[in-house]
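Colleague:
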Amino acid sequence: MSFLTIFEFYRSFNLMHPVLGAILTGVIIFPIADIISQLILDKKVDWRKVKYTLGLSPFYGAYGYVSVLSGLFVGKYISAHSLAMAALGPNLIGNFFNLIFFVNNSIGQKYGYQLVALPRYYLNLLRRKEQFFAYISGKEYLKAVIGTLTFWNMVQYINYSYVPLELQTPMVLTVSFAWIIVLSFWSLIARKKLFKS
């Protein structure tokens, strides 16, 4: 099977099943990015972290799809200019994603990378809102915000300007691969600061 054949199959699949395509892409890129960021920082892989990331990957992939849709929504109701679509859609949602990503990883670190800890944490959060920000290292999160406002504005502008609709989510998730390595790296540094042993 040639690369072009695989690409055409992937493109057709995303055209017919955009949410499933986004989830599938997320399940592939997030764990691999986690492995790479661990190898860069720790020179080894903690498979509990990878399993935890894999468990969250379908949500993250679907979030990528919603991110692209938000830009299309902006294009329909506010401005069809690609830069406006990027800035007012995915970049606003992307910064919220960064926040959730950092918190989820910090909660994972604190509770031994058990996915069952997340629902308990978020339900408990309704009673103690100050806990939410206790799991975010400001310096590393600020880097993520700056990256989203600059790098991702450019990526989304190109995406909305030049990429066919059925490939917009896969394109974002594929470029996200490099971004997630960096984001995982910053998150790992932040967790080490927050939970010094």
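So for the sequence shown, the numbering used here puts the first residue at 35; every next one is plus one. Using N, Cα and C, we set each Cβ at its ideal position, and we do this for glycine too.
Cβ of residue 203 within 8 Å of Cβ of residue 52?
Modeller: Yes, they are a contact pair.
Colleague: Could you please give the first and the last residue of the uninterrupted alpha helix (DSSP H) stretch that includes residue 49?
Modeller: Here the alpha helix (DSSP H) through residue 49 covers 37-50.
Colleague: Which two residues bound the contiguous alpha helix (DSSP H) that contains residue 185?
Modeller: Where residue 185 is concerned, the enclosing alpha helix (DSSP H) stretches over 172-196.
Colleague: Going by other Cβ atoms of all chains shown within 10 Å of its Cβ, with 16 needed for buried, is residue 81 buried or exposed?
Modeller: Counting Cβ neighbours within 10 Å, residue 81 comes out exposed, since fewer than 16 surround it.
Colleague: Put residue 80 into one of helix, strand or coil per three-state DSSP.
Modeller: Residue 80 falls in the coil class under three-state DSSP.
Colleague: Can you tell me the Cα-Cα spacing of residue 108 and residue 119, whole angstroms?
Modeller: Cα to Cα, residue 108 sits roughly 5 Å from residue 119.
Colleague: Report, in whole angstroms, the separation of the C-beta atoms of residue 217 and residue 178, which I expect to be a contact under 8 Å.
Modeller: Indeed they touch by this definition, with Cβ atoms about 6 Å apart.
Colleague: Suppose contacts are defined by Cβ-Cβ distances below 8 Å. Is residue 133 in contact with residue 170 by that definition?
Modeller: Contact: yes.
Colleague: With DSSP as the reference, label residue 219 as helix, strand or coil.
Modeller: In this structure, residue 219 counts as helix in the three-state DSSP scheme.
Colleague: Taking a contact to mean a Cβ-Cβ separation below 8 Å, would you say residue 175 touches residue 219 in this structure?
Modeller: Not closer than 8 Å, so no.
Colleague: Please go through the same chain and pick out, in chain order, the residues whose beta-carbon is closer than 8 Å to the beta-carbon of residue 124, but skip the five residues on each side of it.
Modeller: These residues qualify, in order along the chain: 101, 102, 104, 105, 186, 190 and 206.
Colleague: What whole-angstrom Cβ distance do residue 57 and residue 95 have, given they're in contact under 8 Å?
Modeller: 4 Å between Cβ atoms; contact.
Colleague: Can you tell me whether residue 238 is buried or exposed, with buried defined as 16 or more other CB within 10 angstroms of its CB?
Modeller: The shown model of the chain, from 35 to 231, leaves out residue 238, and the question about it has no answer.
Colleague: Our contact map puts residue 215 next to residue 62 with C-beta atoms below 8 Å; I'd like the distance itself, whole angstroms only.
Modeller: About 13 Å separates the two Cβ atoms, so there is no contact after all.
Colleague: Relative to the C-alpha of residue 211, which residue among 89, 79, 98 and 76 is closest?
Modeller: Ranking 89, 79, 98 and 76 by Cα distance to residue 211 puts 98 first.
Colleague: Among the residues of its own chain, which have a CB less than 6 Å from the CB of residue 149, if the five just before and after it don't count?
Modeller: Correct list, in chain order: 89.
Colleague: At 4 residues or longer, and completely inside the segment 116-161: list those alpha helix (DSSP H) runs for me, N to C.
Modeller: The segment 116-161 contains these whole alpha helix (DSSP H) runs: 116-122, 124-144 and 151-159.
Colleague: Report all residues from its chain with a CB closer than 8 Å to the CB of residue 49; omit the five preceding and five following residues, and keep chain order.
Modeller: Cβ neighbours of residue 49 beyond the five flanking positions: 200.
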